[in-house]
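Here's the structure, in C-alpha cells; my notes come after.
Numbering (my numbering), first residue to last: 9 to 219.
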C-alpha cells in the first residue's frame, strides 16, 4: 500500500509539474503575442510558439526559453501587404524574474531568421499588374508576350523582377517586425519568400509585457 501511495504521489507530482510547465509556456506565448499585437496592431492573426520542454527547468537552469516562432498574417506595409511574416528566434533568453511576475521580457537571442512571403494577389497589387507565381518563377504578360522572371534581391532588400524590358521592384523597408533587409529570395510554392538573419531581438517581441 505504501508503495502504491508513493507511486501515486510521484505521478501526481509529475502531472503537477507538467501542468505548471505547460501553463508557464502558454503564458509566455500569450505575452509575446500581445507584444507583437501592440507593436503591429494592423496585422491579421498572430501566433507565437515556444519549442522548449521542460520549459521551466530549462529557464531556471540555463535561462533559455528554447526556440520561439512568431507568425503574423496579412501584415500591411507601405509597398505591399505581406501574406505572412515568420520570425524564428533561436536560444531565446528570457528574464526569469519577470516571468514569475507574470511578465515576459526577451533579453537576447543566439540567432534568428525573419521571412516575409507575398502571394500572387499581394504581389499583383504591389506591382500594379497581374502576375502569377509558381514553378520557381513570377510570370506576367507584357504586351502580347507572356514573360517570366526569377526574383532577385536588390538594394536595401527590395524585391526585383526583370520581365523582358521591365525592371519591377517592391521595396520592403525595415519595420518593427521586418528587423533586417532581405538578403535571400526564393519562390516557395505559390509565394515569393524574402528572408534575412538577425542577431538581436526584433522590436515586435522586445521589452517587458505586464499581465
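Just so you know, even glycine gets a beta-carbon here, dropped at the ideal spot from N, CA and C.
Computed from a predicted structure; not experimentally measured.
Counting other Cβ atoms within 10 Å of its Cβ, residue 191 stays below 16 and is therefore classed as exposed.
Taken in chain order, the complete alpha helix (DSSP H) segments of 4 or more residues contained in the segment 112-182 are 128-135. For residue 50, the secondary structure class from DSSP, reduced to helix, strand or coil, is coil.
The three-state secondary structure of residue 211, taken from DSSP, is helix.
Within the same chain, and ignoring the five residues on either side of residue 157 in sequence, the residues whose Cβ sits closer than 7 Å to its Cβ are 145, 146, 169, 170 and 171.
With 16 or more other Cβ atoms from the protein chains shown falling within 10 Å of its own Cβ, residue 126 counts as buried. Here the alpha carbons of residue 79 and residue 181 stand approximately 19 Å from one another.
With 16 or more other Cβ atoms from the protein chains shown falling within 10 Å of its own Cβ, residue 63 counts as buried. Looking at the DSSP output, residue 86 sits in no beta bridge, so it has no partner there.
Taking C-alpha positions only, residue 185 is separated from residue 212 by approximately 5 Å. Of the other Cβ atoms in all chains shown, fewer than 16 fall within 10 Å of the Cβ of residue 196; this residue is therefore exposed.
Residue 161 and residue 202 do touch by the CB rule: their CB atoms are close to 7 Å apart, below 8 Å. Rounded to whole angstroms, the Cβ separation of residue 92 and residue 81 is 5 Å, and the two are in contact under 8 Å.
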